[in-house]
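For reference, the structure is listed below as structure tokens.
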Amino acid sequence: MTVLSDFQQGIAPMTEWRRDFHRHPELGFEEHRTAARIAELLSRWGLSVRSGVGGTGVVATLAGSGNGARAIAFRAEMDALPMAEKTNLPHRSVREGIFHGCGHDGHAATLLGTASYLAHRRELAGTVHFIFQPAEETLRGSLAMLDDGLLSAAPMDEIYAFHNMPQRVVGSVGVRSGSILAGADSLKIVIHGRGAHGAQPHNGTDPIVIAAELIGLLQTTISRSLDPFEAGVVTIGTIQGGTANNIIPDEVVLTGTIRSMSKSGRALLKRRVTEICDGLALAFGIGIDCEILAGCPPTINHPEQVTVVAAAAHRVVGPDLLDQNCMPLMASEDFSFMLERRPGAFFFVGQDGHGCHHPSYDFDENVMAIGAAMFVEIARERVG
Numbered sequence: 548m549t550v551l552s553d554f555q556q557g558i559a560p561m562t563e564w565r566r567d568f569h570r571h572p573e574l575g576f577e578e579h580r581t582a583a584r585i586a587e588l589l590s591r592w593g594l595s596v597r598s599g600v601g602g603t604g605v606v607a608t609l610a611g612s613g614n615g616a617r618a619i620a621f622r623a624e625m626d627a628l629p630m631a632e633k634t635n636l637p638h639r640s641v642r643e644g645i646f647h648g649c650g651h652d653g654h655a656a657t658l659l660g661t662a663s664y665l666a667h668r669r670e671l672a673g674t675v676h677f678i679f680q681p682a683e684e685t686l687r688g689s690l691a692m693l694d695d696g697l698l699s700a701a702p703m704d705e706i707y708a709f710h711n712m713p714q715r716v717v718g719s720v721g722v723r724s725g726s727i728l729a730g731a732d733s734l735k736i737v738i739h740g741r742g743a744h745g746a747q748p749h750n751g752t753d754p755i756v757i758a759a760e761l762i763g764l765l766q767t768t769i770s771r772s773l774d775p776f777e778a779g780v781v782t783i784g785t786i787q788g789g790t791a792n793n794i795i796p797d798e799v800v801l802t803g804t805i806r807s808m809s810k811s812g813r814a815l816l817k818r819r820v821t822e823i824c825d826g827l828a829l830a831f832g833i834g835i836d837c838e839i840l841a842g843c844p845p846t847i848n849h850p851e852q853v854t855v856v857a858a859a860a861h862r863v864v865g866p867d868l869l870d871q872n873c874m875p876l877m878a879s880e881d882f883s884f885m886l887e888r889r890p891g892a893f894f895f896v897g898q899d900g901h902g903c904h905h906p907s908y909d910f911d912e913n914v915m916a917i918g919a920a921m922f923v924e925i926a927r928e929r930v931g
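FYI, in this note's numbering the residues of the sequence shown are 548 to 931.
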């Protein structure tokens with residue numbers, strides 16, 4: 548039997564864990580129940596377990612049975628989203644307004660399945676660390692674990708993670724060298740105008756007009772500042788200002804997101820957004836506060852580890868279901884911080900259904916067998 552067949556025939560425990568996590572979702576840094584259940588299972592299987600890393604993170608270590616000096620790590624997320632679930636699943640969320648709408652319940656169950664499989668065989672010469680991360684949706688959980696000594700608790704040579712991906716062929720594995728996901732930063736702009744009567748605009752400085760000018764100018768950061776062969780996005784998602792149709796307000800607040808596929812592009816876009824705000828403030832003689840809240844860098848895969856993922860995918864799903872140069876996405880993932888500290892790779896497993904963060908999204912449980920088989924094959928190749 549292949550590793551994939553093992554997991555397909557023994558998927559019941561992973562399904563049970565996943566549905567339990569789905570019923571009881573928890574937001575970032577609040578995953579106390581989820582983390583406790585994970586730690587209990589890992590301890591039962593004889594792994595060395597450390598809880599509370601980075602708040603609610605769990606790190607488990609499976610020491611090799613041989614003399615292998617190498618160590619690798621696998622990471623899965625635990626947190627849910629602050630959104631209502633609109634499914635009729637028997638295991639739907641029991642917590643109103645909190646929902647595993649991105650599949651982290653399935654990712655955590657997949658990594659548990661991997662840990663159980665390897666722990667019951669004890670066949671590896673080297674060491675495997677299993678990292679269950681909090682608060683990925685906030686883009687802060689990875690840093691919290693790193694700042695809390697993750698690399699000391701789990702000294703590793705390389706690290707891997709995956710994500711389900713509804714936009715890709717069902718059952719396929721997608722990976723690529725270089726940037727696979729964008730870096731993301733949050734943007735808040737406050738335009739300080741001078742209020743006036745709507746019939747007397749000359750007595751004030753209209754921040755709504757300035758906001759309209761600013762929104763258009765921000766798009767030139769992509770069309771006229773960023774290299775056309777690079778990808779980036781500057782999106783204004785909210786605009787708030789004004790109380791009545793005949794009053795010019797004294798303030799308008801804009802919020803948005805800045806995304807780029809490269810570190811240089813990220814730096815350039817942040818600089819140009821700030822410069823445009825400063826220039827408009829000077830032109831209109833008012834104040835504009837531009838605050839860019841750091842999110843995460845692009846998720847940049849390392850070539851050697853991409854080759855490892857591709858080789859594992861050949862064995863697990865076959866060459867016809869492997870895309871070794873898959874299209875990157877403008878979504879973001881704080882696994883990027885871990886890839887800045889250690890070489891590794893992030894890959895996708897395709898599934899059907901609604902996209903992530905959709906209220907009717909449901910994780911395809913068939914993904915778990917593929918994800919777990921991929922992790923086992925990677926472990927056997929790298930520390931076997």
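Note that beta-carbon positions come from the ideal geometry of N, C-alpha and C, so glycine has one too.
Would you call the CB atoms of residue i and residue j closer than 7 Å?
| i | j | result |
| --- | --- | --- |
| R622 | I585 | no |
| L765 | I786 | no |
| S726 | P875 | yes |
| C837 | T821 | yes |
| L594 | G931 | no |
| G788 | I755 | yes |
| G721 | N793 | no |
| M885 | S689 | yes |
| L686 | C903 | no |
| T661 | A919 | yes |
| S809 | T846 | no |
| A916 | Q555 | yes |
| V923 | V550 | yes |
Within its chain, find whatever has a CB closer than 7 Å to the CB of residue i; leave out the 5 residues flanking it on each side and keep chain order.
| i | result |
| --- | --- |
| V717 | G897, Q898, D899 |
| R566 | H638 |
| A841 | D732 |
| E760 | L827 |
| F894 | F709, V720, G721, V722, V856 |
| A926 | I619, L665, L671, V675 |
| L588 | L659 |
Between the C-alpha atoms of residue i and residue j, what's the straight-line distance to the nearest angstrom?
| i | j | result |
| --- | --- | --- |
| E851 | A616 | 19 Å |
| R741 | T752 | 5 Å |
| A691 | H654 | 19 Å |
| I738 | P796 | 10 Å |
| L574 | S811 | 32 Å |
| G602 | E684 | 15 Å |
| L869 | V799 | 48 Å |
| G604 | S663 | 19 Å |
| L734 | G650 | 27 Å |
| I823 | E563 | 52 Å |
| E887 | R862 | 28 Å |
| P560 | L665 | 15 Å |
| M625 | M877 | 22 Å |
| M642 | Q747 | Note on identity: in this sequence residue 642 is Arg, with Met being the wrong assignment. Going from the Cα of R642 to the Cα of Q747 covers about 51 Å. |
| E880 | E777 | 19 Å |
| A729 | N750 | 44 Å |
| A892 | R771 | 32 Å |
| V590 | L609 | The amino acid at residue 590 is misidentified as Val; the sequence shows Ser. So the two alpha carbons sit approximately 11 Å from each other. |
| I769 | G763 | 11 Å |
| V780 | S807 | 7 Å |
| L659 | P775 | 43 Å |
| T790 | I835 | 20 Å |
| R597 | E928 | 26 Å |
| R580 | N635 | 24 Å |
| D652 | A743 | 52 Å |
Rank the options by C-alpha distance to the C-alpha of residue i and give the top, closest one.
| i | options | result |
| --- | --- | --- |
| D911 | R819, D753, V781, I558 | I558 |
| F681 | L728, M877, D695, N792 | The question names Phe, but residue 681 is Pro in the sequence shown. Checked all of L728, M877, D695, N792; the closest Cα to P681 is D695. |
| V606 | F554, A582, P629, N614 | A582 |
| G644 | A860, A666, H651, K633 | K633 |
| H905 | R591, P629, G599, L609 | P629 |
| F831 | E577, R580, V914, A758 | A758 |
| T767 | I805, A791, N750 | I805 |
| R715 | A708, S552, D553, N872 | N872 |
| R669 | V856, D774, G613, H849 | G613 |
| R889 | L659, V596, A729, I619 | I619 |
| A656 | A926, I762, N913 | N913 |
| G599 | L588, D774, W592, E577 | E577 |
| Y707 | N848, E587, S907, H579 | N848 |
| I736 | D825, N711, L829 | D825 |
Using a Cβ-Cβ cutoff of less than 6 Å, which residues in the same chain neighbour residue i once the five nearest sequence positions on both sides are dropped?
| i | result |
| --- | --- |
| H647 | H569, P572, A627 |
| A803 | According to the sequence shown, residue 803 is Gly rather than Ala. Once the five neighbours on either side are set aside, the close Cβ partners of G803 are L734, T782, I783, G784. |
| P713 | Q898, G900, G902 |
| S640 | P572, E632, F646 |
| I833 | H739, G740, T752 |
Leaving aside the five residues before and after residue i along the sequence, list all residues of the same chain whose C-beta is less than 8 Å from its C-beta, in chain order.
| i | result |
| --- | --- |
| D553 | Y664, A920 |
Practice prompt. Count the C-beta pairs between the segment 804-819 and the segment 689-704 that are closer than 8 Å, then say yes if the count reaches three, no if not.
Written response: no
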